[in-house]
Structure formats: structure tokens, C-alpha cells
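Here the structure is laid out as C-alpha cells; the discussion comes afterwards.
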DNA sequence: CCTTGAAATTATCTTTTGTTAACGCCACAA
DNA sequence: TTGTGGCGTTAACAAAAGATAATTTCAAGG
């Protein structure tokens, strides 16, 4: 199933919009391909990009004051990715979005989407869907930080997203868990030697 | 300015809706008062409550497997509070929402709001506003967990929300920072003795 | 005024993480 | 084949956090 098919089905399920009636929306979307390690959005950029990931993994990260990188989140196929600083706060992006693998996206500018929604309110449920999905995911990650230890967060990530953990270098996983790569390595050792898996 | 005035102004600023045209919306809202320590939403509850806080502080927390509480977030006047498990995921709330002070809310059921939005799409920007605001806040907290140490998160909380820190018992602040009350006490001591404030 | 209980601090000890550096592994290119 | 550089692991030590318990503080109720 193509990306547009997927999104058309989503729009039909959410709002009963027939695929034939989605032309005004998809006419304004652009397919984008990224090579491994290519930046999708750079720090300081003002583009208000919203995209649906067809294939590949994207990492959103920021550069800390001391120069180290901190990974905020990873997104992969079937998910939306959005430059939240520019879309929500209308400020230059403090984050960098970079492909960890070859990536295929279907992209729309958020400003353009807003214009379309003015004349086509029947697409509105799609916006709410992606906002709610991102909110749910953010709150889930936040919950894991206040309820779980780094080791528990890693175990959960392994059980829920084993495929992802195996596709992404450990140092980015560690950073997303809020710890250093050294510490993640120790956690792995504890898990696999003490057999408490 | 009353709560309804505040929200009417917000709706006008966001969408140009005149206060006189907001009656269908506010007719479905209910003022709610909570005493100190009163639960607004209990664990397992299915009500899809969305509220604007006029006065007071509400704490959202969950009970961990070991019986300890973990505070996910605090909300105070001028913010929205929502039972996110029930609204987004349509599952019984895993969180408890409890007043830390006497609280005044203006409440609407999310299902009712959705019905109103079907016939009054002009209110739609209000829903987007609260979703985006909650998303921005969640991402900001998430960012602090991957970029900052507990001490740095506490310092930032002090500088940005000093009033809040002084209104809320330390143990809840600690839990929201992802650490124990003992550890927060040590952080405070480090800060005020080593003078590195 | 005294009692009570919850919250915060302090102390002690254990565990985990951070920091820095060294080492081995491996893909990739010269 | 031989570097080369990035990544993960390991080591050694310092710093911070967790667990538990004792102590202090303080506000509320009797």
C-alpha cells in the first residue's frame, strides 16, 4: 500500500472522506527522499515542515551547551515527523532532524496545510489525529522518565521496539534514554550476565 | 477577568469568533470546585474531562508497581488539564488528578465538545490550541530529561516557575524531576552551601 | 500548651551513573 | 593488504542518586 493510500484510508476512517475527495490535500504534498545522514531540518531553520514517514528512521536531536548531542526522539515509517519549534512556537528550530537510513517522506508545509483546512475543513480530523498521536507518544515517554529507571526504560524499549533498537546505533538509544553510551553498555552487561532478562 | 472572558478572548484572537457567538460552546461547560486534596479524576475512571483551570494547582500522578507515587505533571491557573488516557487512547485513566489547593475549573466533556465542533467548526482553533500547547509543554519537559541533569532541571524550574515551586510540596517537585525527595534535598543543599546559585 | 503526623533534612551505606581514557572490533577506503 | 575512524566495551575513579532510618521542623487539632 502506498503512502497516499495509507493516508487516504486514515482520512476515510477518521472522517469519512472518500479517497476521490482528497485531491486538494495531496496536490500540495511533496515526496522527499533523504540519504543516510542527510539533514531534513537544520538548527535555526524556519521551515514549518510536517511529514509522514514512508520508509526509514529520522532522529531529532539538539546540541547541548557543552557540544554534546542529545537525542529527543526517533521516528520511523508510519509516523509523522514535525518541526515542532517552528510549527508550534513559530521560532527557529532548536533541533536537527537527520536521516539515520535512506528515508522516504510525504511532506507538506504546515502553513499550506492551514490554508487548505480553511477551505476544506473535512480534513481537520487528520490534523487532530497527528497532534494527538504526538501528544500521546510524548506523554508516554515523559511517564517513563518519572516512573522508571534507565534500565527499566531500556528493557521496555527492547520489548516494545526491538526492531528499532537493532536499527539504530546504541549511542542514540542511550541519549534518548537520558544516559551516556557507557552507561547503556553497563546496563546491557548487567542484563545479559546476571541473566535477569 | 472571568474564565469565560479569558476563553472568549482566546477564541477571538485565535479565530475571530465574537464573544456573542460563543454561547453554544459555553452553554455546555460546567464550573467545578475542588477542595484541597480532592480527586478530580480517579484511576480507572472513564470520564473524558477537559478543563480550564481558573484557580489552584492540580497534580497528575500514577501509582507505581512498588506502591510509590510518580508525579507526571502539575497544572495551574491559565492552563488546560485533560484526562489524556481517556481522551486520546479511550482507555481507563491510569492517572489520578488531585487538587493540591482549592481549585476552580471550567469543565467540558470531550465527547460533548466533539459534538459541538461538528456543528460549530468555528471553535476548532480552540481545540488545536490546547492540543498544541500541551504538546509543546510535554516536549519541553522531555527535552529537559535528555539534555539536563536533575540539578539543572531543578534550577530551571526555580528560575521559570519559582511561584509554583513555593506552592507545591518538595516531594512532588522531586517526583516530577524524576528523583527522590532525599535527592532533591541534597541538590538544594549543594546549591545553597556551595553558593553556586 | 501539648500532641500528632507529615514533610524535609541528615546520616550511612549501596548502587548507579558520569567522566575520561584505553582497547578491541569492524566496515571502508586507500 | 594496511591504515583509519567510528562505535561499543571495559576499566578506574569521582560524583550523584537510591534505600533506609533517624532526626528535626512545623503546622493543625485537641
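Chains as they are written, first to last, in this note's numbering: chain A, 75 to 271; chain B, 75 to 271.
Quick reminder that beta carbons are idealized off the backbone N, C-alpha and C, glycines included.
Values in this document were obtained by computation on a predicted structure and should not be read as measured data.
Asked                                                                                                                                                                                 : Found
How close, in whole Å, do the beta carbons of residue 85 of chain A and residue 200 of chain A come, if the pair is a contact with beta carbons under 8 angstroms?                    : 6 angstroms
Out of curiosity, what's the CA-to-CA distance linking residue 138 of chain A and residue 265 of chain B?                                                                             : 22 angstroms
Taking residue 162 of chain A as the query, report the chain B residues whose CB atoms sit under 7 angstroms from its CB, ordered along the chain.                                    : 206, 209, 210
One question on the structure: do residue 99 of chain B and residue 190 of chain B come within less than 8 angstroms of each other, judged by their Cβ atoms?                         : yes
Which runs of the beta strand (DSSP E) spanning at least 3 residues fall entirely within the stretch 108–194 of chain B, listed in chain order?                                       : 113–115, 123–129, 131–137, 143–150, 154–156, 170–173, 177–183
Could you tell me the alpha carbon to alpha carbon distance between residue 162 of chain B and residue 267 of chain B, rounded to whole angstroms?                                    : 45 angstroms
Applying a beta-carbon distance threshold of less than 8 angstroms, which residues of chain A neighbour residue 198 of chain B?                                                       : 195, 198
Determine, for residue 267 of chain B, whether the minimum Cβ-Cβ distance to residues of chain A falls below 8 angstroms.                                                             : no
May I have the straight-line CA-CA distance separating residue 218 of chain A from residue 95 of chain B, to the nearest angstrom?                                                    : 42 angstroms
On a Cα-Cα basis, can you pick out the residue from A:170, A:259, A:90 that is closest to residue 66 of chain A?                                                                      : Absent from the model: residue 66 of chain A. The displayed extent of chain A is 75 to 271, so no value can be given.
With three or more C-beta pairs closer than 8 angstroms as the rule, is the stretch 101–110 of chain A touching the stretch 168–183 of chain A?                                       : yes
Taking 6 angstroms as the limit between beta carbons, can you name the residues of its chain near residue 82 of chain B, skipping five residues before and five after?                : 93, 96
For a cutoff of 8 angstroms on Cβ pairs, would you count residue 245 of chain A as touching chain B?                                                                                  : no
Counting only the same chain and skipping the five closest in sequence on each side, list residues whose C-beta sits under 8 angstroms from that of residue 110 of chain B.           : 173, 174, 175, 176
Residue 129 of chain B and residue 112 of chain B - do their beta-carbons sit closer together than 8 angstroms?                                                                       : no
When you compare the CB of residue 217 of chain B with every CB in chain A, is at least one pair closer than 8 angstroms?                                                             : yes
Quick test of your reading: residue 168 of chain B and residue 117 of chain B, contact by CB under 8 angstroms. State the CB separation rounded to the nearest angstrom.              : 7 angstroms
Of the choices A:196, A:230, A:147, whose alpha-carbon is the least far from that of residue 90 of chain A?                                                                           : A:196
Checking 8 angstroms against the spacing of the C-beta atoms, do residue 135 of chain A and residue 144 of chain A come in under that value?                                          : yes
Exposed or buried, which one is residue 249 of chain B when buried takes at least 16 other CB atoms within 10 Å?                                                                      : buried
Can you tell me the Cα-Cα spacing of residue 220 of chain B and residue 257 of chain A, whole angstroms?                                                                              : 14 angstroms
Under a CB-based cut-off of 8 angstroms, is residue 271 of chain B close to chain A?                                                                                                  : Low per-residue confidence applies at residue 271 of chain B: pLDDT is 39, beneath 50, and the placement is therefore not dependable, though the value from the model is reported in the following sentence. No, residue 271 of chain B does not count as interfacial toward chain A.
Step through the CB atoms of chain B and report whether any lies within less than 8 angstroms of the CB of residue 229 of chain A.                                                    : no
DSSP state of residue 254 of chain A, grouped into three classes?                                                                                                                     : coil
Taking only the alpha-carbon atoms, compute the straight-line gap between residue 204 of chain B and residue 244 of chain A and give it to the nearest angstrom.                      : 35 angstroms
Assuming contact is defined by CB atoms lying nearer than 8 angstroms, are residue 239 of chain A and residue 231 of chain A in contact in what I supplied?                           : yes
Short of 6 angstroms in beta carbon distance, which residues of its chain neighbour residue 270 of chain A, apart from the five on each side in sequence? Order them along the chain. : Because residue 270 of chain A carries a pLDDT of 43, less than 50, the predicted location of this residue cannot be relied on, and no value is offered for it.
Check the Cβ-Cβ distances between residue 201 of chain B and every residue of chain A, and say whether any is below 8 angstroms.                                                      : yes
Anything in chain B within Cβ reach of residue 96 of chain A, meaning under 8 angstroms, just list it in chain order.                                                                 : In chain order: nothing, as chain B lies at least about 18 angstroms away.
Among A:147, A:131, A:122, which residue has its Cα nearest to the Cα of residue 165 of chain A?                                                                                      : A:122
Given this structure, state the Cα-to-Cα distance separating residue 88 of chain B from residue 131 of chain B, to the nearest angstrom.                                              : 26 angstroms
Just the C-alpha distance for residue 237 of chain B and residue 236 of chain A, rounded to the nearest angstrom, thanks.                                                             : 43 angstroms
Mind reading off the beta-carbon distance from residue 170 of chain B to residue 115 of chain B? Whole number of angstroms is fine, and I expect it under 8 angstroms.                : 7 angstroms
Using three-state DSSP, classify residue 103 of chain A as helix, strand or coil.                                                                                                     : coil
Quick one: grab the DSSP three-state call for residue 93 of chain A.                                                                                                                  : helix
Hey, is residue 238 of chain A's beta-carbon within less than 8 angstroms of any beta-carbon in chain B?                                                                              : no
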